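Heads up: the structure comes next, in C-alpha cells.
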Amino acid sequence: GNSVTQMEGPVTLSEEAFLTINCTYTATGYPSLFWYVQYPGEGLQLLLKATKADDKGSNKGFEATYRKETTSFHLEKGSVQVSDSAVYFCALSEARGGGSYIPTFGRGTSLIVHP
Amino acid sequence: EPEVTQTPSHQVTQMGQEVILRCVPISNHLYFYWYRQILGQKVEFLVSFYNNEISEKSEIFDDQFSVERPDGSNFTLKIRSTKLEDSAMYFCASSRLIDTEAFFGQGTRLTVV
Chain A
1282 GNSVTQMEGP VTLSEEAFLT INCTYTATGY PSLFWYVQYP GEGLQLLLKA
1332 TKADDKGSNK GFEATYRKET TSFHLEKGSV QVSDSAVYFC ALSEARGGGS
1382 YIPTFGRGTS LIVHP
Chain B
-12 EPEVTQTPSH QVTQMGQEVI LRCVPISNHL YFYWYRQILG QKVEFLVSFY
38 NNEISEKSEI FDDQFSVERP DGSNFTLKIR STKLEDSAMY FCASSRLIDT
88 EAFFGQGTRL TVV
C-alpha cells in the first residue's frame, strides 16, 4: 500500500540556517504530493503541493520538488525563521481502486528554530 | 476563504460515554475524512466518505465508530462508548475531487477521563 517516510525529528536550527526535511514515498501509481504544517496548538494547514513529476511546489519561502526517479519530495527553505517552528507532515494522495481516495501522512518532523 | 469548521474545539467526556464530533466541510467538496492524532504521534486515517457512504476505513475504525452526513452540510463522527485510548485530536477534512488536496479543520481535542 501507499506510505510516506519522513526523517525523524526534532530538527533544531538557528535562525537563517538552511532547512531540509527528507520525505520519500511508496505508491502504486502517480500520486499528488503535499507538505502540511501544524503550528503549536493548531490544525493542519497545506503548505505546498505538487501534482506530477518534476513539479516544484513553493510557498512562504519553502519549496519541494516531485522527484519520481527517487520517489522523493524533500522540503527545503533557504533561511528559516523562529516563526517556522512547527511540525511538518509529508503526505500523498492517489486514486485507489473503487474510487476511494485517502491522503496518507508521514509521521511528521518537528522543526525548532532558535533565535 | 472557505474553510472546514469543527465543533467543539475541546470535549471532555467520561469513559463509556457517547460523543459526537461535528464538522462542516467546504460546501462544494465531495470527499470527507476523519483523521486522529494521538498526542505527539502521527496523523492516522480513520474513515473516508463519498456519495453518502463510507468508501474506506482503517482498522482503527471499529464498531464503536460511526459517521453520518445528517443533512447537506454537517459530517459527524460518533464514538459510542469512549475508552481512555480514544483521547486524541480528531481532524475532519474535505476535498473537492479525487486527487486534490484535503483541507483540514482546526480539530477537536477529545479527552476521555
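Chains as they are written, first to last, in the working numbering: chain A, 1282 to 1396; chain B, -12 to 100.
Cβ atoms here follow ideal geometry from the backbone N, Cα and C, with glycine treated the same way.
The structure presented is a predicted model; accordingly, all values stated were derived computationally and were not measured.
| Asked | Found |
| --- | --- |
| Reduced DSSP secondary structure (H/G/I, E/B, other) of Ser1391 (chain A) | strand |
| Beta-carbon spacing of Phe78 (chain B), Gly59 (chain B) below 8 Å | no |
| Rounded Cβ spacing between Tyr1347 (chain A) and Leu1300 (chain A) (contact assumed at less than 8 Å) | Actually they do not touch by this definition, with Cβ atoms about 18 Å apart. |
| Burial state of Arg23 (chain B), where buried means 16 or more other Cβ atoms lie within 10 Å | buried |
| Chain B within 8 Å of Thr1309 (chain A), Cβ atoms only | no |
| Within the region -10 to 23 of chain B, ranges of the beta strand (DSSP E) (whole runs, at least 3 residues) | -8 to -6, -3 to 0, 6 to 11 |
| The region 1357 to 1369 of chain A contacting the region 1332 to 1345 of chain A, beta-carbon criterion three pairs below 8 Å | yes |
| Length of the line joining the Cα atoms of Pro1384 (chain A) and Ile7 (chain B) | 23 Å |
| Reference Asp1336 (chain A), options A:Pro1312, A:Glu1296, A:Gln1319, closest by Cα | A:Pro1312 |
| Partner residues on chain A for Gln93 (chain B), Cβ-Cβ distance less than 8 Å | Glu1323, Gly1324 |
| Sequence-distant residues of its chain with Cβ nearer than 7 Å to Gly94 (chain B) (five each side left out) | Gln(-7), Met76, Tyr77, Phe78 |
| Endpoints, the beta strand (DSSP E) within which Ala1345 (chain A) is located | 1343 to 1346 |
| Where the beta strand (DSSP E) through Thr87 (chain B) begins and ends | Thr87 (chain B) -> no beta strand (DSSP E), and no H or E assigned at all. |
| Element boundaries [beta strand (DSSP E), containing Thr69 (chain B)] | Where Thr69 (chain B) is concerned, there is no enclosing beta strand (DSSP E), given that its DSSP letter is neither H nor E. |
| Under 8 Å between C-beta atoms of Val1394 (chain A) and Val1363 (chain A) | yes |
| Proximity below 8 Å, CB of Lys1349 (chain A) to CB of Gly1338 (chain A) | no |
| Beta-carbon separation (whole angstroms), Glu105 (chain B) vs Phe90 (chain B), contact threshold 8 Å | Outside the modelled stretch of chain B, which goes from -12 to 100, sits residue 105 (chain B), for which no answer is possible. |
| Any chain A beta carbon closer than 8 Å to Phe78 (chain B) | yes |
| Residue closest to His16 (chain B), alpha-carbon to alpha-carbon, out of B:Leu84, B:Val54, B:Ser68 | B:Leu84 |
| Element boundaries [beta strand (DSSP E), containing Ser1374 (chain A)] | 1367 to 1374 |
| N- and C-terminal bounds of the beta strand (DSSP E) containing Gln1319 (chain A) | 1313 to 1319 |
| Residues that Asn1340 (chain A) bridges to, as DSSP identifies them | A:Phe1343 |
| Under 7 Å (Cβ pairs) to chain A, residues found in the region 24 to 35 of chain B | Lys29, Val30, Phe32, Ser35 |
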